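Trainee: In our numbering, the protein residues as written are 4 to 362. Idealized CB from N, CA, C, for every residue including glycine. All figures in this text were calculated on a predicted structure; none of them were measured in a lab.
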Amino acid sequence: MKFGLFYLFSDFGNIPQRQLFNEVLEEIEYGEELGFDSVWLPEHHFAIYGMLGNPMTLAAAISQRTRTMKIGTAIMVLPFHHPLRLAEDAALVDNLSDGRLLLGLGRGYQPPEFSGFGVAQHNSRAMFLESFDIFKKALSGEKFTYKGNFWTIDEPTEIFPKPIQKPHPPFYMAAISPASYDIAARMNFSLLRSPQFTDLGTVSAAYQGYVDKMHELGHYPEMLDQPFSVRTYVAPTDEEAKEAAPHAVWFYHLLATLLPGAPGKPTPPAGYESYPRDPRVLARVTEDDVWEKGTCFGSPERVTELMKGYMREAGATSFMTQMRIGGLEHKKVMRSMELFARDVMPELRKEEEKMAVLV
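(1) Using the Cα positions of Ala309 and Cys299, report the straight-line distance between them to the nearest angstrom.
(2) Nearest by alpha-carbon distance to His84: which of Ile51, Thr205, His171, Ile137 is it?
(3) Taking DSSP as the reference, what is the three-state secondary structure of Ser197?
(4) Whole angstroms are fine: how far does the CA of Arg88 sit from the CA of Ser232?
(5) At the level of alpha carbons, what is the spacing between Gly56 and Leu44?
(6) Given a cut-off of 9 Å, decide if Tyr236 and Leu435 are closer than it, judged by their beta-carbon atoms.
(7) What beta strand (DSSP E) runs, 3 residues minimum, are completely inside the stretch 216-293?
(8) With DSSP as the reference, please indicate the residues paired to Gln325 in a beta bridge.
(9) Are there three or more Cβ pairs, one per stretch, closer than 8 Å when the stretch 168-175 is compared with the stretch 149-160?
(10) Does the structure place the stretch 117-124 close enough to the stretch 201-218 that three or more beta carbon pairs sit under 8 Å?
(11) Going by DSSP in three states, Ala77 sits in which element: helix, strand or coil?
(12) So the candidates are Gly267, Leu81, Leu95; which of them puts its Cα closest to the Cα of Met130?
(13) Please name the residue in Leu227, Glu145, Phe163, Thr270 whose C-alpha comes closest to that of Ala187.
(14) How many Å lie between Ile78 and Thr240 at the Cα?
(15) In this structure, what does DSSP give as the bridge partners for Trp43?
(16) Report the rounded CA-to-CA distance for Leu2 versus Lys165, giving the unit in angstroms.
(17) What does the alpha-carbon distance come out to for the pair Leu351 and Tyr313?
(18) Between Pro58 and Ala141, how many whole angstroms is the CB-CB distance? I'm expecting something under 8 Å.
(19) The beta strand (DSSP E) with Met176 in it runs from where to where?
(20) Once you ignore the five residues that flank Glu32 on each side, which residues in its own chain have a CB closer than 7 Å to its CB?
(21) When the distance is taken between beta carbons, is Met348 closer than 9 Å to Gly34?
(22) Suppose you measure from the CA of Glu26 to the CA of Gly221; what does that come to, to the nearest Å?
(23) Does the distance from the CB of Lys73 to the CB of Thr320 come in under 9 Å?
(24) Can you find the residues in the same chain that come closer than 6 Å, C-beta to C-beta, to Met323, ignoring five residues on each side of it along the sequence?
(25) Return the residue from the list Pro303, Gln325, Ser197, Arg315 that minimises the CA-CA distance to Phe343.
(26) When we look at the beta-carbon of Ala259 and count the other beta-carbons within 10 Å, is it buried (16 or more) or exposed?
(27) Ignoring anything shorter than 3 residues, give me the beta strand (DSSP E) runs that lie fully in the stretch 104-160, in order along the chain.
(28) By Cβ distance, which residues of its chain are closer than 6 Å to Phe174, with the 5 residues on each side in sequence left out?
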């Protein structure tokens with residue numbers, strides 16, 4: 004059982020933006036001391052929802068301030084990058100971190116990001132698959148040419164430096180739709196999952212389909228890291244933890260303005276049916292809603308029980324905890340990390356041992 008930190012870098016407006024980045028770096032260093040195994044960095048553009056336009060840049064910085072913690076992208080949006088350039092960046096970070104890079108990849112989902120870069124969102128899945136083909140070849144050390152629908156490499160080309168991890172850093176795939184789960188299974192990818200857009204039952208059913216497909220293809224999903232992303236806040240009591248619920252409400256209300264099909268935005272293109280058909284539902288999320296589902300807020304005991312549910316029902320083998328949500332104060336985030344490491348991690352590892360005996 005592994006535990007990671009996930010940072011969205013949302014600008015709540017309560018502190019200067021530079022202070023946000025400095026505080027996050029401090030939290031990451033402290034997280035390594037507490038025993039967190041990884042940190043995960045998402046790519047977003049053009050909105051205060053997420054201010055990290057290039058996770059590889061920050062990953063390079065983190066590599067120089069940590070020694071053991073894995074550094075993951077969650078995710079790099081392949082349609083927004085030339086795959087050769089991204090492969091060069093990834094290989095450099097793998098070298099700087101002495102082989103600690105984890106590569107979470109996806110096709111993106113926010114219409115303003117696609118329009119900002121002039122990328123046709125209806126091509127996102129085809130672009131993802133073609134870009135990944137090039138990306139993997141480059142990271143595997145090949146010298147190659149390529150002729151595709153979106154990218155052409157006329158002369159035999161290879162990247163430098165070569166990544167430390169062989170044949171390449173581990174790949175993870177963000178998946179919401181059944182089609183994405185199927186692609187991940189065929190590629191033998193780990194999944195990056197979250198109950199953010201769909202209920203736990205739907206997530207669990209989709210994961211079982213992924214497991215069945217993996218076994219059908221001769222792959223072993225139980226041998227892969229299968230992280231589960233959850234907004235997490237631990238306080239000494241449930242009552243105190245519930246006081247942080249407005250920060251999660253702010254997060255969901257902001258997200259509702261950016262999803263495919265949001266008010267004032269074009270109709271979602273084909274392939275995005277698994278996202279909320281009416282994002283206004285998220286705009287009506289209340290404090291009680293976020294307390295009851297979609298988050299792990301509470302005392303150590305409550306958070307432990309909620310996460311055990313994700314382990315039993317959704318096959319979670321590790322957690323990506325988003326503890327810095329909305330405008331939560333730095334000192335409260337640090338305390339939440341401490342309580343989680345001291346009281347929650349050991350209990351979840353015990354639960355993992357019990358579940359292993361029952362298999």
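Mentor: Reading from the atomic positions:
(1) Sequence inspection shows Leu at residue 309; the Ala mentioned does not correspond to that position. Going from the Cα of Leu309 to the Cα of Cys299 covers about 6 Å.
(2) Out of Ile51, Thr205, His171, Ile137, Ile137 has the C-alpha closest to the C-alpha of His84.
(3) Residue state, collapsed to three classes: coil.
(4) Their Cα atoms are separated by approximately 28 Å.
(5) Straight across, the Cα-Cα distance linking Gly56 with Leu44 is about 10 Å.
(6) With the chain running from 4 to 362 in the structure shown, residue 435 is simply not present.
(7) Listed in chain order, the complete beta strand (DSSP E) runs (minimum 3 residues) inside the stretch 216-293 are 230-237.
(8) Answer is Arg234.
(9) Because the criterion of three Cβ pairs below 8 Å is not met, the stretch 168-175 and the stretch 149-160 do not touch.
(10) Here the stretch 201-218 makes no contact with the stretch 117-124; the two share fewer than three CB pairs at distances below 8 Å.
(11) Here Ala77 sits in strand by DSSP.
(12) For Met130, the closest alpha carbon among the candidates Gly267, Leu81, Leu95 is that of Leu81.
(13) Taking only the C-alpha atoms, the option nearest Ala187 is Leu227.
(14) When rounded, the distance between both Cα atoms is 33 Å.
(15) DSSP, once it has assigned bridges, lists Phe9, Gly75 as partnering Trp43.
(16) Within the shown structure, residues of the chain are numbered from 4 to 362, placing residue 2 beyond reach of any answer.
(17) Cα to Cα, the separation comes out at about 11 Å.
(18) Not confirmed; about 18 Å, so no contact.
(19) Its beta strand (DSSP E) spans residues 174-177.
(20) Contacts found: Arg68, Thr69.
(21) No; because the gap between Cβ atoms is not below 9 Å, this pair is not in contact.
(22) Our two residues, Glu26 and Gly221, have alpha carbons roughly 44 Å apart in a direct line.
(23) No, they are not a contact pair.
(24) Contacts found: Gly7, Phe9, Trp43, Pro230, Ser232.
(25) Scanning Pro303, Gln325, Ser197, Arg315 for the CA closest to the CA of Phe343 turns up Pro303.
(26) Buried.
(27) For secondary structure counted as the beta strand (DSSP E) over 3 or more consecutive residues, the stretch 104-160 holds these complete runs in sequence order: 104-109, 147-150, 155-160.
(28) The residues are Leu106, Phe192.
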